[in-house]
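Which chain is which? The protein sequence lines are A and B, in order.
Just so you know, the working numbering puts 433 at position 433 of the first sequence, and the rest follows in order with no gaps.
Just so you know, the working numbering puts 337 at position 337 of the second sequence, and the rest follows in order with no gaps.
We put the beta carbon where it would ideally sit given N, CA and C, even for glycine.
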Amino acid sequence: MKTSSILLAALIAVSVAGCSKIKMTPDPEPEQVVDPSPIPIEGNTIYTYYLSNTHTPGCYDECVAASTLQGLMNREGPVLYLHGANTNKTSKWIDLFSKPGYWLEGKQRVQITSFDDLIRLGKNVIKGVVIHDPEVPATINVATTVAGVEDCIVFSPAQAEKYVEKYGLAVLHDFRGRFDGSVSGSAKNDAYRWAIDNYLDKDLCSATQSFLYEDGCFNRPVGNLEYAYSRDLPVKVRGFVFDLSPWEDEAPRDDPSQPLGTDHETYVRILASYLRQTAGREMTCLNGFFSKAKYSEISGLGGLHGQVATEWESVWLASYYNVYMDTGPGEVYNMSFHSNAPFKPMKQGRPELGEPQDGKTYILFQLADYDGAGALWEFMFNSIWNDDNRGSIPVVWGINPNLIDKLPDIMQYIWSTKTDADWFGADASCAGYINPNRIQPQYLDLFTEHNKRYYELCDMTISPMVLDQDQPSEAVKDAFMEFSPDGLATIVMSYHPGGSWPKNHVWKDTMPVFCLNNSVCGDGNQPEKLAEGISKVIQKSSSPTPRYYMFRVIWVGPGKILSAVNSLKTLRPDLDIEVLDPYNFFHYFKTTNNQ
Amino acid sequence: MIPAAVLALLSASSCSLFQLDTYEGPDATLCGSIIDAKTGEPVQSDIVSGTTIKIVEHGYADPTPTYLVVKTDGSYRNTKLFPGTYTVQPDTRNFLPVDPQDVYISGQTRLDFEVTPYIRIVNSSITREANTIIATFSLETTTLDAVEEIALFASNQASVGSTVNSVSKIKTVGTGVGKDRVFKIGINLLDNSSFFKKNKDYYFRVGAKSSFSGAKYNYAPTLKMNIGEFVDEGDRPVVYFDRCESLDGWKSQGTLALDTADKTQGDASISTTVPKNALLFYDRLLEEPVDTQVSFEDGVLAFDLYVADLSAFGWGLGDAQIEITSGGKADVQELHWTFLADDLKLRQGWNNVRLRFASAKKTGGNINLSAVNYFRLYHTRLNSDATLKIDNIRFYEDF
């Protein structure tokens, strides 16, 4: 009996084990039937696609292909919206703008669930395929440029093998083995110079939108999608895309054997081409940022130039050619989509102006670093804009006004949700990050008109953070007075010799010119430390004349500023502190100065 | 025998609940190696918690992945797979991510992965100097991520690594690393004599770990070595700051004396008895600076210190330091360590004090290790008069 029980148990166990290996379908799996026909695009519909993020080169390639396709599909209106696999921000923005009263209200959403279907969805707008060469990462940028001009999408060799024949796509360019350094001594530069000769110098690319995008050299192998998902905008606007070092005296880390200065030489050719094309009639936006991994110092790996120095060199170099920077697009999804939002000129209003009182210490806080699209796209969703204390203390937010070109819906959302204590000024430096002193004198009128347009659309008259390597020249101050009459504050860093800070003054009895204190910019998350830092700046004084201080603080909300001011008041009972809005701050300063 | 009724019931149950398994048995093999795409060499791994390969068999609604373990030498093999199509992808790794691929596995299926390891350990050698096993090597990093740490592992098993070892020496790096930088790391046999036995064979392997998220250790090939005999510790190359054979140049707030009866080296040690209200035990300025011939990274200040009565010291209270400088006085180009019993693990009697430069704090700029000329030891909070003896002040490198 005992034996039988054991056998029974064993038989049941065998049966269960066998069951677990029963297959639902036999192997090998049958060939999938491919439907290569285009998916018709319905009106009033937003198609969404979720990018995979497996941190592999394959997911990077999928992202590049999808974003370049997105750029084509969104040229005439908002059609394709990409969701990041590891971010909820894309969902939040589209959900917000689909609410009643916003521009996507009433549109239906259809989710595309496979990459095959994504190709079918875009098949009617794709004229062909450009295949990049993984051995020369710069060809991803060149391919993106070509894709914009010739209405293509960008594929890796593996994608081309998988999809070209399957969907009957034409290969218009295959860059594999095309660039070997035989021209310039650098395969990377050969690729860009070919693109300059055949696209940029032939005026086939946008003259007003250019793109400084990491080419995937370090991002693609590890599937880091930054600068991959943002390729929709250059394709949409047919922008030239490149990734080069601004330095003449050091070979870049991604191409260490190139003849010294080759990157720089190509960089200057590109900038000069823009100046030739715009001919003093327009300015050019350089979207993106230099690759820190390639062109600046890294701990342990050396490098002649630090990150800040490389940023400043990039701006100094570009400014001479009427090229200004938007440093953040590499971190933004769906710019080709957002940029289709309708835009109406925005208003921020003005506070009632008062008069300064003797014995007071007046402080203005600039909450800053929103000069790039990435910062604006991201910062609503953290504690900064949603800070419960927003409205409890006056601040000037530094936001680049020409972001209305790329993110008009987000800009309008920010303006429409301001409180009476939120004010807007430009950030680094005006309508675009530029060194105004580097602009050639004959182009200052263009500079003025460019800024006047964006400032008026954003209802701005203050420039709270002009970055330059010297104090603003008289001509530059005259220019700013045209569009920023209520105030100019500056930070001067002299990487090129000869610069100096200005004394605070009022230019031609009209425009206050002020020094922006940047010494506590990174202390905002520690209010007591911020208070201590401010306290060190404000010297003791027995004079009754009002005193004025302006501080830049990055990446914090007004609540931290409020805490810091309370700490400062405890720390410095000798001071009669009042925090002002920017209009009263500069008005008070002007009044005191004129007295 | 099983009663017929039971068999009938069992058959019925099988029919309704389970299909009869008529598929082939798990007789397919998947094997291969992880190969460095640049060098063609296998990418070595930890056999425990090292590289794994995730395989997912097609055809299931909710498949459970299987993970194949990659062996120390970079190879892997599973001989008990059902024939079929699988999605195969390296999972935990010490190399850059690899895209998944669909593979039909039947019979003997070989699948090698050509990969880029996070770090290549190049020009590696493991040698013995005195009682120290020293590994010398450089690193070739393939990403810009910092090298988190380097290590030398020792074991009596050939699968030695970060998870299989009896003795290890790990150094934090924490920065990017250029290919020309030479690293040295060592394991002292005498310090680990509970494990190392003379004339026995042991396995040693150099490892380096990238700070790339989730990265596992990369390795140089394992070396099997017979460690032979231990040698006299006095054979360790040292540079003396002061052998403590004379009172010349020494100062103290106590009474200094040469003690020829109680010493650890040479003919004498230097004793001092400091009254309760004093603080300075030893102050020594050299007329000619000493070239320590050691690096900051691996340098050690060592001396022998006799403590007559530990209770004389108000441990944990006040200020107490051991200092060396190249500035000719305190606080100028200085390295210092806290002189507290808990920190130094002092006991009553003679102590061998060993202080790594890398764990010192700096004051007054960087010390010039080729011109050290000042030593000081003080304690500001004595409970009573205190007697110390010092001997054999020296520098050496401990890799």
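Next on the checklist: Cβ closer than 9 angstroms: which chain B residues qualify as neighbours of A:Pro221?
Outcome noted: For the purposes of this step, residue 221 of chain A is taken as residue 221 along the first sequence, with counting starting at 1. Neighbours of A:Pro221 on chain B, chain order: Leu96, Pro97, Thr116, Thr142 and Thr143.
Item to check | Outcome for A:Val171 when other beta-carbon atoms lying within 10 angstroms are tallied against a minimum of 16 | outcome: Within the first sequence, the letter at position 171 stands for residue 171 of chain A. Flag for A:Val171 reads exposed.
Checklist entry - What are the boundary residues of the alpha helix (DSSP H) that A:Trp377 is part of? => result Taking the first residue of the first sequence as 1, we reach residue 377 of chain A at position 377. Ala373 to Phe379 is the span of the alpha helix (DSSP H), which, as asked, contains A:Trp377.
Item to check | CA-to-CA distance, B:Ala215 to B:Ala158, given in whole angstroms | outcome: As a working note, residue 158 of chain B is residue 158 in the second sequence. As a working note, residue 215 of chain B is residue 215 in the second sequence. Approximately 22 angstroms between the Cα atoms of the pair.
Checklist entry - At a Cβ cut of 7 angstroms, what residues of the stretch 121 to 151 of chain B count as close to chain A, listed as they run along the chain? => result Within the stretch 121 to 151 of chain B, the qualifying residues are Thr143, Leu144 and Ala146.
Next on the checklist: I want to verify the contact list: residues of chain B whose CB lies under 9 angstroms from the CB of A:Ser299, in sequence order.
Outcome noted: Taking the first residue of the first sequence as 1, we reach residue 299 of chain A at position 299. Ordered by position in chain B, the residues that pass the 9 angstroms Cβ test against A:Ser299 are Ala146, Gly174, Thr175 and Gly176.
Next on the checklist: For A:Thr266, report the span of its alpha helix (DSSP H) as first-last.
Outcome noted: Position 266 of the first sequence, counted from the start, is the residue given in the question as residue 266 of chain A. Run containing A:Thr266: Thr262 to Thr278, per the alpha helix (DSSP H) assignment.
Next on the checklist: If distances are taken between C-alpha atoms only, which option among A:Tyr370, A:Ile119, A:Gly533 and A:Lys508 comes closest to A:Asn593?
Outcome noted: Numbered from 1 along the first sequence, position 593 holds the residue referred to as residue 593 of chain A. Checked all of A:Tyr370, A:Ile119, A:Gly533 and A:Lys508; the closest Cα to A:Asn593 is A:Lys508.
Item to check | Contact check, B:Ile227 vs B:Tyr203, beta carbons under 8 angstroms | outcome: Residue mapping note: residue 227 of chain B aligns to position 227 of the second sequence, counting from 1. Residue mapping note: residue 203 of chain B aligns to position 203 of the second sequence, counting from 1. Contact annotation: B:Ile227 and B:Tyr203 have beta-carbon atoms that are not nearer than 8 angstroms.
Checklist entry - Cβ of A:Phe424 within 8 angstroms of Cβ of A:Cys458? => result By one-based count along the first sequence, residue 424 of chain A stands at place 424. By one-based count along the first sequence, residue 458 of chain A stands at place 458. Yes.
Checklist entry - Under 8 angstroms between the Cβ atoms of B:Ser33 and B:Thr72? => result Working through the second sequence from its first residue, we reach residue 33 of chain B at position 33. Working through the second sequence from its first residue, we reach residue 72 of chain B at position 72. The answer is no: Cβ separation not under 8 angstroms.
Checklist entry - What's the C-alpha gap between B:Gly266 and B:Arg205? => result Within the second sequence, numbered from 1, the residue matching residue 266 of chain B stands at position 266. Within the second sequence, numbered from 1, the residue matching residue 205 of chain B stands at position 205. For B:Gly266 and B:Arg205, the distance between alpha carbons rounds to 39 angstroms.
Checklist entry - From this set, B:Val48, B:Thr87, B:Asn123 and B:Pro83, which residue's C-alpha is nearest B:Arg93's C-alpha? => result Indexing the second sequence from 1 puts residue 93 of chain B at position 93. Nearest C-alpha to B:Arg93: B:Val48.
Checklist entry - Taking C-alpha atoms, which residue in A:Pro256, A:Gly280 and A:Val323 lies nearest to A:Tyr295? => result Taking the first residue of the first sequence as 1, we reach residue 295 of chain A at position 295. Ranked by Cα distance from A:Tyr295, the options A:Pro256, A:Gly280 and A:Val323 are led by A:Pro256.
Item to check | Euclidean distance between Cα positions of B:Arg243 and B:Leu388 | outcome: Position 243 of the second sequence, counting from 1, holds the residue named residue 243 of chain B. Position 388 of the second sequence, counting from 1, holds the residue named residue 388 of chain B. When rounded, the distance between both Cα atoms is 16 angstroms.
Checklist entry - For A:Gln366, which beta-bridge partners are listed by DSSP? => result Counted from its first residue, the first sequence places residue 366 of chain A at position 366. Residue pairing by DSSP places A:Gln366 opposite A:Val396 and A:Arg552 in a beta bridge.
Next on the checklist: Can you confirm whether A:His55, when its beta carbon is compared against all beta carbons of chain B, has any partner nearer than 8 angstroms?
Outcome noted: To locate residue 55 of chain A, count along the first sequence from 1; it is residue 55. Under the Cβ criterion of 8 angstroms, A:His55 is counted among the residues facing chain B.
Checklist entry - Could you give the distance in angstroms between the alpha-carbon of B:Pro463 and the alpha-carbon of B:Val294? => result For chain B, the structure presents residues 1 to 399; residue 463 of chain B sits outside this window and is missing.
Checklist entry - Counting Cβ pairs, one atom from each stretch, are 3 or more of them under 8 angstroms apart for the stretch 555 to 563 of chain A and the stretch 519 to 531 of chain A? => result The answer is yes - the stretch 519 to 531 of chain A touches the stretch 555 to 563 of chain A, with three or more Cβ pairs under 8 angstroms.
Checklist entry - Comparing the CB of B:Ser168 with every heavy atom of the ligand ZN, is any distance shorter than 7 angstroms? => result The model depicted lacks the ligand ZN and carries no ligand whatsoever.
Checklist entry - Between the stretch 272 to 302 of chain A and chain B, which residues of the former have CB atoms less than 8 angstroms from a CB of the latter, in chain order? => result Sequence-ordered contacts of the stretch 272 to 302 of chain A with chain B read Ala293, Ile298, Ser299, Gly300, Leu301 and Gly302 [C-beta pairs closer than 8 angstroms].
Item to check | Secondary structure of A:Leu457, DSSP reduced to three states | outcome: If you number the first sequence from 1, residue 457 of chain A lands on position 457. Of the three classes helix, strand and coil, the one that applies to A:Leu457 here is helix, per DSSP.
Item to check | Contact belief for A:Tyr81 with A:Ile46 at Cβ below 8 angstroms, rounded distance in angstroms | outcome: Looking up residue 81 of chain A in the first sequence gives position 81. Looking up residue 46 of chain A in the first sequence gives position 46. At roughly 5 angstroms, the Cβ-Cβ gap stays under 8 angstroms, so A:Tyr81 and A:Ile46 are in contact.
Item to check | Exposure label - B:Gly110; buried when at least 16 CB within 10 Å | outcome: In the second sequence, counting from the first residue as 1, residue 110 of chain B sits at position 110. Sequence check: residue 110 of chain B is Arg here, not Gly. Exposed: under 16 other Cβ atoms inside 10 Å.
Checklist entry - So, does the CB of A:Phe218 fall closer than 8 angstroms to a CB anywhere in chain B? => result The residue you call residue 218 of chain A lines up with position 218 of the first sequence. A Cβ of chain B is located within less than 8 angstroms of the beta carbon of A:Phe218.
Checklist entry - At a Cβ threshold of 8 angstroms, is A:Gly58 touching chain B? => result Stepping through the first sequence from its first residue, residue 58 of chain A is reached at position 58. It does: the Cβ of A:Gly58 has a partner Cβ on chain B nearer than 8 angstroms.
Checklist entry - DSSP three-state call for B:Glu409: helix, strand or coil? => result Lying before the first or after the last residue shown, residue 409 of chain B is absent from chain B, which here runs from 1 to 399.
Next on the checklist: I'd like the ranges of any alpha helix (DSSP H) spanning at least 4 consecutive residues and lying wholly in the stretch 290 to 376 of chain A.
Outcome noted: The qualifying runs are 292 to 295, 307 to 319 and 335 to 338.
Item to check | Presumed contact (8 angstroms Cβ cut-off) between A:Ser282 and A:Ala207, rounded CB distance | outcome: Residue 282 of chain A sits at position 282 when you count from the first residue of the first sequence. Residue 207 of chain A sits at position 207 when you count from the first residue of the first sequence. First, the amino acid is wrong: residue 282 of chain A is Glu here, not Ser. The beta-carbon separation of A:Glu282 and A:Ala207, rounded to 7 angstroms, stays under the 8 angstroms limit for a contact.
Checklist entry - With 16 as the cutoff for other CB atoms within 10 Å, does B:Pro97 come out buried or exposed? => result Within the second sequence, numbered from 1, the residue matching residue 97 of chain B stands at position 97. So B:Pro97 ends up on the buried side.
Checklist entry - Going by other Cβ atoms of all chains shown within 10 Å of its Cβ, with 16 needed for buried, is A:Ala497 buried or exposed? => result Sequence index remark: in the first sequence, residue 497 of chain A carries index 497 (1-based). According to the sequence provided, residue 497 of chain A is Pro. The question's Ala does not apply to it. Exposed, because fewer than 16 other Cβ atoms sit within 10 Å of the Cβ of A:Pro497.
Next on the checklist: Give me, in chain order, the residues of the same chain whose beta-carbon lies closer than 7 angstroms to that of A:Gly354; leave out the 5 immediate sequence neighbours on both sides.
Outcome noted: One-based indexing of the first sequence puts residue 354 of chain A at position 354. Here the set comprises Asn584.
Next on the checklist: Taking the alpha-carbon of A:Ala318 as reference, which of A:Ala309, A:Asn435, A:Leu444 and A:Pro40 has the nearest alpha-carbon?
Outcome noted: Counting from 1 along the first sequence, the entry for residue 318 of chain A is found at position 318. Cα-wise, what sits closest to A:Ala318 is A:Asn435.
Checklist entry - Where does B:His336 land, buried or exposed, given buried means 16+ other C-beta within 10 angstroms? => result Position 336 of the second sequence, counted from the first residue, corresponds to residue 336 of chain B. Classification for B:His336: buried.
Item to check | Any 3 or more C-beta pairs closer than 8 angstroms across the stretch 444 to 453 of chain A and the stretch 476 to 492 of chain A | outcome: Touching, yes.
Checklist entry - Would you call the stretch 365 to 382 of chain B and the stretch 320 to 327 of chain B touching, i.e. three or more CB-CB distances under 8 angstroms? => result The stretch 365 to 382 of chain B vs the stretch 320 to 327 of chain B: in contact.
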